[in-house]
Amino acid sequence: MLKAMFMFKKNKKMLEEFDSYLQTAGELLDDFKAALDYYFENGPDDHVQNLANEIHIKESRCDDIRRHIELEIFEKSLLPESREDIFLLLERLDNLPNQAEDILRTLWTQQQELPQDTHPQVAELAELGVKMFGYIREGVKTVLGRGESIEELLTKVDTAESVGDQIQYKLVAQVFAKDMAVAEKMLCRDAIREIGALCDMADDVALLLNIINVKRRV
Amino acid sequence: MLTFIGSMFLGWGLGTNDAANVFGTAVSSRMVKWRTAALLAALFVVLGAVVQGGTAVETLTNLTPQTRLTATITVFAAAFTVMFMTLLKLPISASQAVVGSIFGIGLMQGNLNPAGTTKILLCWLGTPVGGAVFYIFFHLCLSSLVKAFKPSMLVLDPLIRGGLIIFGCYGAYALGANNVANVSAVLVGSGLLERQLAVLVGGVSIAVGILTLSKPVMLTVGRQIVEVNTFSALNVILAEAATVHLYAFVGVPVSTSQAVVGGLLGIGLLKGLQLIRWRTLTRVSLAWAATPFIGAALAMLFYIIAHLEYRP
Numbered sequence: 215m216l217k218a219m220f221m222f223k224k225n226k227k228m229l230e231e232f233d234s235y236l237q238t239a240g241e242l243l244d245d246f247k248a249a250l251d252y253y254f255e256n257g258p259d260d261h262v263q264n265l266a267n268e269i270h271i272k273e274s275r276c277d278d279i280r281r282h283i284e285l286e287i288f289e290k291s292l293l294p295e296s297r298e299d300i301f302l303l304l305e306r307l308d309n310l311p312n313q314a315e316d317i318l319r320t321l322w323t324q325q326q327e328l329p330q331d332t333h334p335q336v337a338e339l340a341e342l343g344v345k346m347f348g349y350i351r352e353g354v355k356t357v358l359g360r361g362e363s364i365e366e367l368l369t370k371v372d373t374a375e376s377v378g379d380q381i382q383y384k385l386v387a388q389v390f391a392k393d394m395a396v397a398e399k400m401l402c403r404d405a406i407r408e409i410g411a412l413c414d415m416a417d418d419v420a421l422l423l424n425i426i427n428v429k430r431r432v
Numbered sequence: 082m083l084t085f086i087g088s089m090f091l092g093w094g095l096g097t098n099d100a101a102n103v104f105g106t107a108v109s110s111r112m113v114k115w116r117t118a119a120l121l122a123a124l125f126v127v128l129g130a131v132v133q134g135g136t137a138v139e140t141l142t143n144l145t146p147q148t149r150l151t152a153t154i155t156v157f158a159a160a161f162t163v164m165f166m167t168l169l170k171l172p173i174s175a176s177q178a179v180v181g182s183i184f185g186i187g188l189m190q191g192n193l194n195p196a197g198t199t200k201i202l203l204c205w206l207g208t209p210v211g212g213a214v215f216y217i218f219f220h221l222c223l224s225s226l227v228k229a230f231k232p233s234m235l236v237l238d239p240l241i242r243g244g245l246i247i248f249g250c251y252g253a254y255a256l257g258a259n260n261v262a263n264v265s266a267v268l269v270g271s272g273l274l275e276r277q278l279a280v281l282v283g284g285v286s287i288a289v290g291i292l293t294l295s296k297p298v299m300l301t302v303g304r305q306i307v308e309v310n311t312f313s314a315l316n317v318i319l320a321e322a323a324t325v326h327l328y329a330f331v332g333v334p335v336s337t338s339q340a341v342v343g344g345l346l347g348i349g350l351l352k353g354l355q356l357i358r359w360r361t362l363t364r365v366s367l368a369w370a371a372t373p374f375i376g377a378a379l380a381m382l383f384y385i386i387a388h389l390e391y392r393p
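Residue numbers (the numbering used here), protein chains in the order written: chain A, 215 to 432; chain B, 82 to 393.
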């Protein structure tokens, strides 16, 4: 009985660590959105690098929590298939904070300036990625929790991802219609794609959550 | 002495192989350490053998009268049958090998008990059926509980893990209660040992098999007739344990492997027959059908050889 209670306590601690990871990643993405807004206002100045460094601190914290969960997972009384699912879930979730940091670093290191008239739509694309992370955060809690249906959530993510794709394609078309050097257009295209990738990564996590949920059905 | 050694060897072989049916899933997926599983299995096998092993012993001893010579023949015929099928990499039921050998002796002596024979054959046919029926019953009960309470992954997984250990212990108890007769019946029938001592000694021989060489078999994830997840595996183990235990009450030693296959078929019946690997199932069924015939044939051959007289 004591061992059973101990097992549940260990597993509860892991759930708390997961919560902590999601909380930190969520804050990181909010900071990323704020940093991007600053970038649109002021261009790729040194403060953008400072903001990227602050995001890096949170990204490192996410990595630390992830490693801790991965190391401890074998001490928990989880089934092998659950362990695999959690490893994969962490790997896919971690793509988002990593991507957010990379975007800011790239914008600063390449001293890249996106065309002014694309700023609102790029901001919208980034906002969409952050919003999708919010959906999948709820999805993770549901799937690791009582395993209830996440159909509604999946629909929201799917719809948002489609919207994100549309915005991305329009932005790229807009950039290539401009009178700019080809190299500059390509850099802008890459930056837009990198920001749009946040939505794709969130969609990947949602798909995985769906599979995990289906597997748990008895 | 030969009979005793042969029986102990048979018991040891039974332990090394059949422990995988009760703890294989838990050990191969690293939910339970092999050492823990082996100790628990050994303990509960002896317990089952001592508490409930007598009924099946009585059934087998009543099949046909045994002398020390015929007991020795029975044991070695069964052992060779097991070895032969193992070499052919076919699944083997020690119960069927032993009973087949006893049938062979009974046929040669002309005093095979027809009622006992019929009882055993019906129970053998009923074993996979029992496995399937119990699987469906337990699956419906346990899945209803899970759907009603909706425990989180972090609660359900430890419960399943605990279930694998508890049901594994139950399975080991049922194994001892049901299968010790394969080891002890000839010892009792030939008058070598009293029943109580025979089931204890038989149980210990199975336990020694579990403790010494069951690890490779437990660690091997064998080819299944149906792909199973851990929840289904839990139900299969419980269904197997219940089936084998039921037949311990009836007093007929049955195959734990057949009970497991019955459980796996239960999965197929619930989730769709297209999931069943029919080729594997056919191969396994043919091997089981052949085992008692091979055991009987070898016993008859050894009997003839043992009774040959040199006449110059």
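By construction, the Cβ of each residue, glycine as well, lies at the ideal position given by its N, Cα and C atoms.
Values in this document were obtained by computation on a predicted structure and should not be read as measured data.
Determine the burial state of residue i: buried for a count of at least 16 other Cβ atoms within 10 Å of its Cβ, exposed for fewer.
i, result
"B:Met164", "exposed"
"A:Leu368", "buried"
"B:Glu321", "buried"
"A:Lys272", "buried"
"B:Val269", "buried"
"B:Asn98", "buried"
"A:Leu315", "Contrary to the premise, residue 315 of chain A reads as Glu rather than Leu in this sequence. Buried, because 16 or more other Cβ atoms sit within 10 Å of the Cβ of A:Glu315."
"A:Glu375", "buried"
"A:Lys370", "buried"
"B:Val302", "Bear in mind that the predicted position of B:Val302 carries a pLDDT of just 46, short of 50, making it unreliable; the figure below should be weighed with that in mind. The residue in question, B:Val302, is exposed, as its Cβ has fewer than 16 Cβ neighbours within 10 Å."
"B:Thr145", "buried"
"B:Ile385", "exposed"
"A:Asp308", "buried"
"B:Trp93", "buried"
"B:Phe330", "exposed"
"A:Phe288", "exposed"
"B:Tyr254", "buried"
Using a beta-carbon distance below 8 Å, is residue i in contact with chain A?
i, result
"B:Ser182", "no"
"B:Arg242", "yes"
"B:Val227", "yes"
"B:Ser224", "yes"
"B:Asn263", "no"
"B:Phe90", "no"
"B:Ser366", "no"
"B:Leu95", "no"
My guess is that residue i and residue j are in contact by the Cβ rule of under 8 Å, so how many angstroms apart are they, rounded?
i, j, result
"B:Thr405", "A:Leu293", "Since the displayed chain B opens at 82 and closes at 393, residue 405 of chain B lies outside it and no answer follows."
"B:Val108", "B:Ala118", "5 Å"
"B:Ile173", "B:Thr372", "6 Å"
"B:Gln177", "B:Gly376", "7 Å"
Does DSSP put residue i in a helix, in a strand, or in coil?
i, result
"A:Asn156", "Chain A is shown from 215 up to 432; residue 156 of chain A falls before or after that span and cannot be answered."
"B:Thr148", "coil"
"B:Tyr216", "helix"
"A:Ala395", "coil"
"A:Lys429", "helix"
"A:Gln325", "coil"
"A:Leu265", "helix"
"A:Asp259", "coil"
"B:Ser110", "coil"
"B:Arg304", "At B:Arg304, the pLDDT of 43 sits below 50, so the modelled position is not reliable; the number obtained from the coordinates is stated separately. Here B:Arg304 sits in coil by DSSP."
"B:Met82", "coil"
"B:Tyr391", "coil"
"A:Glu231", "helix"
"B:Gly284", "helix"
"A:Asn424", "helix"
"B:Ser88", "helix"
"A:Leu293", "coil"
Establish whether the CB of residue i and some CB of chain B are separated by less than 8 Å.
i, result
"A:Leu423", "no"
"A:Val428", "no"
"A:Arg360", "yes"
"A:Lys370", "no"
"A:Pro329", "no"
"A:Val396", "no"
"A:Val419", "no"
"A:Lys214", "This structure gives no information on residue 214 of chain A, because the portion of chain A shown stretches from 215 to 432."
"A:Phe301", "no"
"A:Leu229", "yes"
"A:Val344", "no"
Between residue i and the ligand GTP, is there a pair consisting of the residue's CB and a ligand heavy atom that are separated by less than 7 Å?
i, result
"B:Val131", "No copy of the ligand GTP occurs in the structure displayed, which carries no ligand at all."
(request) For the stretch 222-278 of chain B, list the alpha helix (DSSP H) runs that are entirely contained and at least 4 residues long, ordered along the chain. (result) Those alpha helix (DSSP H) runs which fall completely within the stretch 222-278 of chain B and span 4+ residues are 234-270.
(request) Only counting runs of 4 or more residues, tell me where the alpha helix (DSSP H) segments fall wholly within the stretch 311-376 of chain B, in order along the chain. (result) Taking only runs of at least 4 residues, the alpha helix (DSSP H) segments lying wholly in the stretch 311-376 of chain B are 311-331, 337-352.
(request) Quick one: which unbroken alpha helix (DSSP H) runs of 4-plus residues sit fully inside the stretch 171-206 of chain B? Chain order, please. (result) Restricted to the stretch 171-206 of chain B, the alpha helix (DSSP H) segments that are unbroken, complete and at least 4 residues in length are 175-190, listed in chain order.
(request) Ignoring anything shorter than 4 residues or poking outside the stretch 296-374 of chain A, list the alpha helix (DSSP H) runs there in chain order. (result) Counting whole runs of 4 or more residues, the stretch 296-374 of chain A contains the alpha helix (DSSP H) stretches 333-358.
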